[in-house]
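Engineer:
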Amino acid sequence: MQNENFRRKVSVIGSEDFSNIKITEPVRYAAGKLGVKEALRHGFKEMGIVRSMRAFLELNQEDGFDCPSCAWPNPEKPSSIAEYCENGAKAVADEATTDKIGRDFFKKYSVEELSQLTEYQLNKFGRLTEPLVLRPGSMYYEPISWQESYELISEELGRLKSPDDAIFYTSGRSSNEAAYLYGMFARALGTNNMPDCSNMCHESSGVALSETLGIGKGSVKLEDLYGADVVIVAGQNPGTNHPRMLSALEKCKENGGKVISINPLEESGLINFKNPQHVKGLIGGGENLTDIHLQVRINQDIALMKLILKRLAALDEAGQKVFNHDFLGEYVDGYQELLDDLAQYDESSLLDLCGVGEAIIDETVALLATSTNIVICWAMGLTQHKNGVATICEYLNLLLLKGSLGKPNAGTCPVRGHSNVQGDRSVGIMHFVNPELNERIEKHLGFKAPEKEGLDVVGAIKAMHDESGKVFICLGGNFLMAASDTLYTAEAMQNCELTVQISTKLNRSHLVTGKTALILPTFGRSEKDMKGDKLRYQTMEDSMGRVRQSRGLLKPTSENIKSEPELIAELAHTHFGAGHSVNWKAMGEDYELIRESIDLVIKGFENTKERSKGIGYYLPNNVRDLDFSMLPNGRAQLTRNPLPEHDLKEEELMLMTIRSHDQFNTTIYGMDDRYRGIYNERRVLFMNAKDMEKRNLKKMDVVHIKSTYNGKVRTAHKFLVVPYNIPSGDLAAYYPETNVLIPYDQYADKSKTPISKSIKVTLEKAM
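First residue of the sequence shown: 136, per our numbering; consecutive thereafter.
(1) Candidates Ile511, Met329, Val457: which alpha carbon is nearest Lys393's?
(2) Sorted by chain position, which residues of the same chain lie with C-beta nearer than 6 Å to Asp152's C-beta, five sequence neighbours on each side aside?
(3) Under the assumption that Glu211 contacts Ile733 (Cβ atoms under 8 Å), give the Cβ distance between them as a whole number of angstroms.
(4) Output the boundary residues of the alpha helix (DSSP H) element that contains Lys441.
(5) Give me the Cα-Cα distance between Pro161 and Asn823, rounded to the nearest whole angstrom.
(6) Under a Cβ-count criterion, where at least 16 other Cβ atoms within 10 Å of its own Cβ denotes burial, should Ile418 be classed as buried or exposed?
(7) For Met791, name the three-state secondary structure that DSSP assigns.
(8) Count the other CB atoms, across all protein chains shown, that sit within 10 Å of the CB of Gln82; report buried if there are 16 or more and exposed otherwise.
(9) How many whole angstroms separate the CB atoms of Glu277 and Val268, which I take to be in contact at a CB cut-off of 8 Å?
(10) For His708 and Leu287, I'd like the C-alpha separation in whole angstroms.
(11) Would Val556 pass as a contact of Gly307 if the rule is Cβ separation under 7 Å?
(12) Given Met136, which residues of its chain have a CB within under 8 Å of its CB, disregarding the five upstream and five downstream residues?
(13) Determine the DSSP secondary structure at Gln772, reduced to helix, strand or coil.
(14) Quick check on Ile903: buried or exposed, where buried means 16 or more other Cβ atoms within 10 Å of its Cβ?
(15) Measuring alpha carbon to alpha carbon, tell me which of Leu474, Lys892, Val227, Ala584 ends up nearest Cys202.
(16) Kindly provide the ranges of any alpha helix (DSSP H) runs that are 4 or more residues long and lie completely inside the region 248-290, ordered along the chain.
(17) Between Gly237 and the rest of its own chain, which residues show a CB-CB distance below 7 Å, the 5 nearest in sequence each way excluded?
(18) Secondary structure at Gly178, three-state DSSP: helix, strand or coil?
(19) Are the region 537-544 and the region 753-762 in contact at 8 Å, needing three or more beta carbon pairs?
(20) Among the candidates Asn874, Gln479, Lys663, whose CA atom is the shortest distance from the CA of Leu689?
(21) So what does DSSP say about Cys489, is it helix, strand or coil?
(22) Just how far apart, CA to CA, sit Glu529 and Asp808?
(23) With a threshold of 6 Å on Cβ separation, who are the neighbours of Asn874 within its own chain once the five nearest residues in sequence on each side are excluded?
(24) Check whether the Cβ atoms of Lys583 and Glu574 lie closer than 7 Å to each other.
(25) Write down the C-beta distance between Asp229 and Glu173 rounded to the nearest angstrom, noting that I regard them as a contact closer than 8 Å.
(26) Kindly list the residues whose CB is nearer than 6 Å to the CB of Tyr531, restricted to its own chain and excluding five residues on each side of it in sequence; keep chain order.
(27) Across which residues does DSSP place His428 in a beta bridge pair?
(28) Reducing DSSP to helix, strand and coil, say where Ile733 ends up.
(29) Roughly how many whole angstroms lie between the Cα atoms of Ser863 and Pro399?
(30) Out of curiosity, what's the CA-to-CA distance linking Ala868 and Tyr810?
(31) What is the rounded straight-line gap between the Cα of Arg560 and the Cα of Glu828?
(32) Label Asn209 either buried or exposed according to how many other C-beta atoms from any shown protein chain fall within 10 Å of its C-beta, with 16 as the threshold for buried.
(33) Nearest to Lys587 by CA position, among Met329, Thr425, Leu790, is which residue?
(34) Could you tell me the distance, in whole angstroms, from the CA atom of Ser310 to the CA atom of Gly183?
(35) Could you have a look at Pro656 and say whether DSSP puts it in helix, strand or coil?
(36) Kindly indicate which three-state DSSP category His715 falls into: helix, strand or coil?
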């Protein structure tokens with residue numbers, strides 16, 4: 136059963152009871168006065184008025200702290216009034232809440248009792264205030280000193296037969312300094328087992344971009360969006376997930392640019408944006424952002440793009456000079472091969488597969504034919520499919536054919552989710568081996584890094600399930616609920632001897648644990664990190680490759696919590712002792728020593744102490760310089776990408792997982808999704824009305840969602856059916872509630888990103 140109990144008799148899923156749902160028409164605009172009201176409401180409720188205003192005024196300012204939510208960059212001249220969005224305000228309020236839990240709370244509530252609650256209820260308890268241990272056989276966390284916790288971890292690591300029996304997971308919230316120390320600690324121990332949240336989100340982007348353009352990052356800067364002829368927003372919902380992006384799209388529109396959105400759902404933020412910093416946004420009609428919306432069927436983007444490219448190629452061959460042949464001749468390989476690939480597809484078949492009307496396809500082709508500066512933005516709607524890498528490559532073909540790279544107002548823009556997920560990878564959080572990095576580690580840190588490839592998220596889950604992964608340490612995040620195949624992942628974590636969670640707040644990964652479990656409470660991004668009388672800062676890398684400083688200003692929630700860099704350094708010092716080649720303890724006390732080491736060891740970082748001030752500095756990017764020397768023939772690569780093979784049975788539908796407006800990743804701020812008209816409930820299934828009629832389903836009927844892969848049936852119980860504007864044959868539902876449906880071994884080719892956006896399912900009406 137889905138909610139079966141594991142060793143400590145804890146619930147892996149939590150409560151499946153319904154709340155008092157309210158359904159309205161979807162909202163046709165994003166932000167506006169209501170967005171301001173909601174941001175302040177969350178802040179005042181969690182932090183109080185004074186603490187809220189102090190935090191919000193410093194959020195994303197040059198001498199303030201970076202938003203703990205998404206990785207969208209700050210403009211070079213941030214607004215002095217409010218350089219943040221509603222969801223950024225929710226993230227800060229959630230992190231800086233004045234609610235706290237410590238030893239008395241955990242003495243009162245067992246992990247079994249807590250596990251019966253929802254993710255929303257667990258998160259609402261407040262901040263963790265002291266280190267805690269759950270000992271073998273116990274159902275209650277109890278206090279433990281910091282030094283005892285370090286010694287416990289060190290002893291368990293020392294008992295391992297191999298360093299590869301340890302796994303070090305990283306969430307995207309950590310700073311460059313923390314991630315660097317964490318990654319170097321793992322390597323010094325002797326393992327490259329460093330799965331991270333990139334494996335579950337933008338790994339497909341990194342693979343596709345590296346193979347075609349030579350770098351796993353985007354090429355644009357924020358200002359490039361302002362002057363673009365066309366910005367394509369594919370598989371992304373910026374109104375909820377990256378709301379500050381809407382301001383950039385608004386500037387693009389004001390400068391005469393056009394916006395094309397490509398998504399199975401018509402999202403509110405891309406219909407209309409009411410910028411609360413403008414009079415028009417507060418009392419006027421706002422800005423209609425999307426000029427063309429292509430409502431593509433789930434995972435049929437390749438069919439759509441092939442059709443568009445095929446028609447553009449026909450115009451080019453007819454003499455309209457649609458493609459940039461000078462650019463292609465100098466920088467790109469594979470042009471004729473791509474034309475040959477397009478020629479084998481029938482236009483009517485592609486049109487039928489993608490599900491988009493022919494008239495709007497023609498409108499799109501006409502716009503792209505005359506546009507020279509194109510930016511393509513994308514997120515999980517492209518990456519989380521079995522063919523996620525190929526899908527992104529097909530979009531990149533358009534940019535290469537148009538020559539929309541290596542110049543202002545054009546290029547690639549994978550929109551990263553968590554605030555420093557890109558920085559974590561830059562400073563060395565990776566499971567694969569980089570020989571040049573290993574050479575620099577040996578030269579500057581004095582130890583030899585392991586040369587064996589480590590485990591990614593999929594490999595880590597399997598290793599723990601097979602009982603070869605013994606110690607599992609998480610630097611942030613809620614691994615159990617973020618990963619696919621929730622029940623399998625829970626079994627895997629419970630097979631560990633020790634699980635360690637470095638966290639700010641309670642989540643389900645603290646309740647479904649190894650035989651021994653530790654919770655190590657850490658600072659939030661907004662909190663003041665003092666050493667003596669010195670205010671310490673850390674650095675982050677945004678979604679466009681810029682490194683800048685972040686320093687908190689609020690009083691820490693407890694005197695018995697530690698910063699991530701300091702606790703990692705103290706753990707390493709405890710394990711290796713004072714005689715190690717790296718002076719871990721000194722680095723934990725003085726972050727400048729960490730930055731000096733990063734500058735020596737990590738490619739592209741230089742004089743970070745000075746250059747990260749103010750708006751910060753950009754890391755090198757070969758695409759901006761049109762340098763493709765690392766690729767075959769020293770040229771960027773056009774690619775031939777096959778259509779997806781879904782092989783849906785007659786009764787099967789395609790499900791994609793989505794976020795509500797009241798959540799960020801697995802953190803649930805509230806129970807509403809007002810943009811889609813859903814209030815006070817998360818267990819809903821968005822469905823096309825014709826598909827409902829065909830299956831004799833009515834609004835608010837309760838169904839179980841089932842997926843069957845390799846003969847194994849997985850079930851997500853009790854979802855309320857809601858009719859919605861979604862293509863026939865497609866479904867949408869919130870995660871993490873639906874992660875139980877995704878097999879751990881069903882993932883994107885090459886990147887191993889889970890198939891969260893294209894799960895084959897059937898529905899069973901609940902009796």
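Don't be surprised by glycine CBs; every beta carbon is placed ideally from N, CA and C. Predicted model only: the values in this text are computed from it and were never measured.
Structural biologist: Walking through what the data contain:
(1) Taking only the C-alpha atoms, the option nearest Lys393 is Ile511.
(2) Around Asp152: no qualifying Cβ.
(3) With 8 Å as the limit, Glu211 and Ile733 do not qualify as a contact, their Cβ atoms being about 24 Å apart.
(4) Looking at the DSSP string, the run of the alpha helix (DSSP H) that includes Lys441 is 436-450.
(5) Approximately 15 Å between the Cα atoms of the pair.
(6) The predicted model places Ile418 with a pLDDT of 47, which falls under 50 and marks its position as unreliable; any figure quoted below should be read in that light. Taking all protein chains in view, the Cβ of Ile418 is surrounded by fewer than 16 other Cβ atoms within 10 Å, so the residue is classified as exposed.
(7) Looking at Met791 - three-state DSSP - the assignment turns out to be strand.
(8) No answer is possible for residue 82: the residues shown for the chain start at 136 and end at 902.
(9) About 6 Å; that satisfies the 8 Å criterion.
(10) Per the coordinates, the alpha-carbon of His708 lies some 13 Å from the alpha-carbon of Leu287.
(11) Contact flag set, yes.
(12) With a pLDDT of only 34 at Met136, under 50, the local geometry of the prediction cannot be trusted, and the value read off the model is given with reservation. Around Met136: no qualifying Cβ.
(13) Secondary structure at Gln772: strand, using DSSP grouped into helix, strand and coil.
(14) With the chain running from 136 to 902 in the structure shown, residue 903 is simply not present.
(15) Restricting attention to Leu474, Lys892, Val227, Ala584, the CA atom closest to the CA of Cys202 is found in Val227.
(16) Taken in chain order, the unbroken stretches of alpha helix (DSSP H) that lie wholly in the region 248-290 and span 4 residues or more are 254-258.
(17) Excluding positions up to five away in sequence, the list reads Thr264, Glu265.
(18) DSSP places Gly178 in helix when its eight states are reduced to three.
(19) The way I'd put it, the region 537-544 does touch the region 753-762; three or more beta-carbon pairs between them come closer than 8 Å.
(20) Among Asn874, Gln479, Lys663, the Cα nearest to that of Leu689 is on Lys663.
(21) Three-state DSSP puts Cys489 in a helix.
(22) Going from the Cα of Glu529 to the Cα of Asp808 covers about 32 Å.
(23) Taking Asn874 as the centre and dropping the five residues before and after it, the same chain places the C-beta of Ser619, Thr621 closer than 6 Å to its C-beta, in chain order.
(24) Going by C-beta atoms, Lys583 is not nearer than 7 Å to Glu574.
(25) Not confirmed; about 13 Å, so no contact.
(26) Residue 531 is actually Leu in this sequence, not Tyr. Taking C-beta separations shorter than 6 Å and ignoring five residues to either side along the sequence, the partners of Leu531 in its chain run Thr347, following chain order.
(27) Beta-bridge pairing links His428 to Ser396.
(28) DSSP places Ile733 within a helical segment (H, G or I) once states are collapsed to three.
(29) Rounded to the nearest whole angstrom, the CA to CA distance from Ser863 to Pro399 is 10 Å.
(30) Cα to Cα, the separation comes out at about 14 Å.
(31) Computed Cα separation, rounded: 47 Å.
(32) Label assigned to Asn209: buried.
(33) The residue among Met329, Thr425, Leu790 with its C-alpha nearest the C-alpha of Lys587 is Met329.
(34) Looking at the two C-alpha atoms, the distance is approximately 27 Å.
(35) Collapsing the DSSP output to three states places Pro656 in a strand.
(36) His715 sits in coil when the DSSP states are folded into three classes, being neither helix nor strand.
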